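Count along the sequence shown from 1, add 2, and you get the number used in my numbering. For reference, the structure is listed below as structure tokens.
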Amino acid sequence: MYKQALRALAGLLLASIVPVAAQAAAYPERAVTIIVPFPPGGTTDVVARVLAEKLSALFKQSVIVENRQGAGGNIGAAYVARAKPDGYTLLVSSAGPLSINQQLYADPGYDPIRDFAPVSLLASVPIMLAANPKAPFGSVAELIDYAKQHPGGIAYGSQGSGTTSHLTMELLKLEAGIDLQHIPYRGSAPAATDLIGGQIQVMFDNSPTTYPQVQAGTMRALGVASAQRVDSMKGIPAIAETVPGFESEAWFGLVAPAGTPDEVVRDLNAAVRQVLADPAVVRRFDEVGVKLVGDTPQAFGLFIRAEMEKWGKIIKATGLRLG
Numbered sequence: 003m004y005k006q007a008l009r010a011l012a013g014l015l016l017a018s019i020v021p022v023a024a025q026a027a028a029y030p031e032r033a034v035t036i037i038v039p040f041p042p043g044g045t046t047d048v049v050a051r052v053l054a055e056k057l058s059a060l061f062k063q064s065v066i067v068e069n070r071q072g073a074g075g076n077i078g079a080a081y082v083a084r085a086k087p088d089g090y091t092l093l094v095s096s097a098g099p100l101s102i103n104q105q106l107y108a109d110p111g112y113d114p115i116r117d118f119a120p121v122s123l124l125a126s127v128p129i130m131l132a133a134n135p136k137a138p139f140g141s142v143a144e145l146i147d148y149a150k151q152h153p154g155g156i157a158y159g160s161q162g163s164g165t166t167s168h169l170t171m172e173l174l175k176l177e178a179g180i181d182l183q184h185i186p187y188r189g190s191a192p193a194a195t196d197l198i199g200g201q202i203q204v205m206f207d208n209s210p211t212t213y214p215q216v217q218a219g220t221m222r223a224l225g226v227a228s229a230q231r232v233d234s235m236k237g238i239p240a241i242a243e244t245v246p247g248f249e250s251e252a253w254f255g256l257v258a259p260a261g262t263p264d265e266v267v268r269d270l271n272a273a274v275r276q277v278l279a280d281p282a283v284v285r286r287f288d289e290v291g292v293k294l295v296g297d298t299p300q301a302f303g304l305f306i307r308a309e310m311e312k313w314g315k316i317i318k319a320t321g322l323r324l325g
């Protein structure tokens with residue numbers, strides 16, 4: 003009788019465990035949507051689409067990229083923050099929405115620490131200072147000299163107010179003691195289009211966007227914001243060679259809504275790290291200086307906090323405030 007009772011109890015326990023395990027193993031059971039809070043064509047969008055393509059193959063489910071731009075990335079980020087925390091709505095974002103906007107806007111509509119579950123840092127990217135080929139300066143030193151002779155006479159573009167491209171130029175203005183006119187755009191692609199067309203003279207943007215244009219002759223590279231020259235772009239000097247200590251780098255990460263089950267976050271993290279270790283993906287991004295990362299959710303969470311502190315100091319020093 004005792005043994006029969008034990009067998010019956012074991013059967014009940016097994017019956018309760020198997021459906022849970024099967025459910026966990028089934029993620030995702032339907033299409034996953036990755037929100038990009040910027041327009042198509044920028045580096046955030048490119049990183050997200052490569053990730054989506056590879057995850058679709060791994061998951062054997064569609065992974066769709068949807069662009070929800072506006073307000074420096076706040077619109078798309080807030081959308082994901084309010085989404086159901088089930089792993090089917092995710093955010094691929096740059097530093098702006100995850101570590102900058104909370105300190106720039108009175109109410110961005112979300113809190114990057116409270117409202118998101120970090121999944122993984124995806125990539126870090128050199129930022130390039132590019133100019134229109136007809137601009138009256140061909141180097142960082144010449145830009146600084148020209149700006150000092152013509153205060154406010156140079157129009158520079160950015161991916162949007164409060165984005166890394168904006169704050170990197172504000173950092174250069176601060177350290178070089180120059181004044182430039184800021185023209186914010188709703189993303190990298192429209193800003194790059196106007197730089198090529200001559201409506202603006204200079205801008206900071208991520209290397210995957212600018213370097214192909216430099217190679218094609220439609221943009222002129224003045225320097226990279228990395229601490230040192232980038233191996234794949236050795237002919238382009240580091241801005242730090244002219245402005246000692248100058249350094250800024252873009253990065254991109256994947257987050258889910260806060261409250262997403264731990265097992266889903268772990269599954270996503272494992273799949274993402276598998277994608278980022280794919281030699282073909284590594285080669286594809288290495289050609290334009292993008293370093294693929296892939297880390298734990300815990301490490302990415304600490305990284306976001308450190309970036310908030312770093313950019314907060316620059317925001318305070320420049321007195322920037324939006325909204």
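A virtual CB, placed ideally from N, CA and C, is assigned to each residue, including glycine. Quantities reported herein were computed from a predicted structural model and do not represent experimental measurements.
Through-space distance from D297 to T320, alpha-carbon basis: Between T320 and D297, the C-alpha separation is close to 32 angstroms.
Can you say whether L57 is buried or exposed, counting buried as having 16 or more other CB atoms within 10 angstroms of its CB? So L57 ends up on the buried side.
Would the region 133-147 count as touching the region 201-212 if we require 3 or more Cβ pairs under 8 angstroms? By the criterion of at least three beta-carbon pairs nearer than 8 angstroms, the region 133-147 is in contact with the region 201-212.
Here's the rule: buried if 16 or more other CB atoms are within 10 angstroms of the residue's CB, otherwise exposed. What is D113? So D113 ends up on the exposed side.
Give the list of continuous alpha helix (DSSP H) stretches no shorter than 4 residues that lie fully inside the region 196-236. Here the runs fully enclosed are 209-218.
With distance defined between alpha-carbon atoms, name the residue in F206, G261, P259 nearest to G160. Gly is not the amino acid found at residue 160; the sequence shown has Ser there. Closest option to S160, Cα to Cα, is F206.
Tell me the residue span of the beta strand (DSSP E) that contains P186. Unbroken beta strand (DSSP E) run through P186: 183-186.
Applying the criterion that 16 or more other CB atoms from any shown protein chain within 10 Å of the CB defines a buried residue, is H168 buried or exposed? Burial call: buried.
Exposed unless 16 or more other CB atoms sit within 10 angstroms - verdict on L124: Here L124 is buried: its Cβ has 16 or more other Cβ atoms, across all protein chains shown, within 10 Å.
What's the C-alpha gap between S163 and A252? Between the alpha carbons of S163 and A252 lies a gap of roughly 15 angstroms.
Of the residues G140, D196, G154, V226, which one's Cα is nearest the Cα of T170? With distances taken between Cα atoms, T170 lies closest to V226.
So, helix, strand or coil for L324, using DSSP? DSSP, read as helix, strand or coil, puts L324 in strand.
Range of the contiguous beta strand (DSSP E) that encloses F248: Bounds of any beta strand (DSSP E) do not take in F248, whose DSSP letter is neither H nor E.
How about A258 and G75: do their beta carbons lie closer than 8 angstroms? For the pair A258 and G75, the CB atoms are not nearer than the 8 angstroms cut-off.
So, helix, strand or coil for P299, using DSSP? Looking at P299 - three-state DSSP - the assignment turns out to be helix.
Let me confirm a value: D264 is counted as buried when at least 16 other C-beta atoms fall within 10 Å, else exposed. Which label applies? Burial check for D264: the Cβ neighbour count within 10 Å stays below 16, so the residue is exposed.
For P42, which three-state DSSP category applies? For P42, the three-state secondary structure derived from DSSP is coil.
Output the boundary residues of the alpha helix (DSSP H) element that contains L100. Note, L100: premise wrong, no alpha helix (DSSP H); not H, not E.
Alpha carbon of E177 to alpha carbon of F248, nearest angstrom: In a straight line, the C-alpha of E177 is about 8 angstroms away from that of F248.
What is the residue span of the alpha helix (DSSP H) that G78 lies within? Here the alpha helix (DSSP H) through G78 covers 76-83.
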